[in-house]
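Reading through the structure tokens given below for one structure.
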Amino acid sequence: MAYWLVKSEPDAFSWDQQVANGTEPWTGVRNALAAKHLRAMRAGDRAFFYHSNLGKEIVGVVEVAREAYPDPTEEVAQGKAPRWCCVDMRAVGAVPAPVTLAAIKAEPALAELALIRQSRLSVMPVSQEHWVLLCRMGGWAAG
DNA sequence: GCCAACGTTGGC
DNA sequence: GCCAACGTTGGC
305 MAYWLVKSEP DAFSWDQQVA NGTEPWTGVR NALAAKHLRA MRAGDRAFFY HSNLGKEIVG
365 VVEVAREAYP DPTEEVAQGK APRWCCVDMR AVGAVPAPVT LAAIKAEPAL AELALIRQSR
425 LSVMPVSQEH WVLLCRMGGW AAG
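So the mapping is simple: the working numbering equals the position in the first sequence, first residue as 1, plus 304.
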């Protein structure tokens, strides 16, 4: 199983909404690298749900419920092929102690995390080592 | 509100 | 195909 981190601005789509909806299409990704990561996701993969801008912290864990399919929010011009994709994410649970960006930056072992290195990327892989460490920092026991 | 990073667009 | 201009993201 692979691990990921996905970002959302809570103004646009928050963790509370994800929990309320249960399973939700993760749409609106319009970046080639982020889309590539979406396509690499497999059902059952887990991802951290990160609040960007407001909060700037990992607040929950989601699971890939459906693998990549065409993003219904893309406006496809006549005669053009759809370009973007989305996946469905299912809420697994809230992180007991949200892991802030400041805490991540303060942890030398996380210096290579894409969240730090490529701040604008909205969907990124997380290594197993980083996943375990971030779970520990957040008091997430389930792994 | 500002600015750095960086992806995209369009002129050549 | 290059590169300057521009737009967007996201931290501060």
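Backbone N, C-alpha and C define an ideal beta-carbon position, used for all residues, glycine too.
Checklist entry - What separation, rounded to the nearest whole angstrom, lies between the Cα atoms of S426 and M305? => result If you take the alpha carbons of S426 and M305, they lie about 20 Å apart.
Checklist entry - If you draw a straight line from the alpha carbon of V399 to that of Q432, how long is it in whole angstroms? => result In a straight line, the C-alpha of V399 is about 17 Å away from that of Q432.
Item to check | Residue of A336, V403, V323 minimising C-alpha distance to C390 | outcome: Of the residues A336, V403, V323, the one whose Cα lies closest to the Cα of C390 is A336.
Checklist entry - Can you tell which of N357, V323, F352 has its C-alpha closest to the C-alpha of P402? => result When N357, V323, F352 are compared, the shortest CA-CA separation from P402 is found for F352.
Item to check | First through last residue of the beta strand (DSSP E) which encompasses L309 | outcome: Residues 307-312.
Next on the checklist: Please state whether the Cβ-Cβ distance between R343 and A369 is less than 8 Å.
Outcome noted: Not in contact: R343 and A369 (Cβ atoms no closer than 8 Å).
Next on the checklist: At the level of alpha carbons, what is the spacing between E371 and L419?
Outcome noted: Cα to Cα, the separation comes out at about 23 Å.
Next on the checklist: According to DSSP, simplified to helix, strand and coil, what is E416?
Outcome noted: Coil at E416, not helix or strand.
Next on the checklist: I'd like to know if the region 311-319 and the region 347-364 are in contact, where contact means that at least 3 CB-CB pairs between them fall below 8 Å.
Outcome noted: Verdict: yes, contact present.
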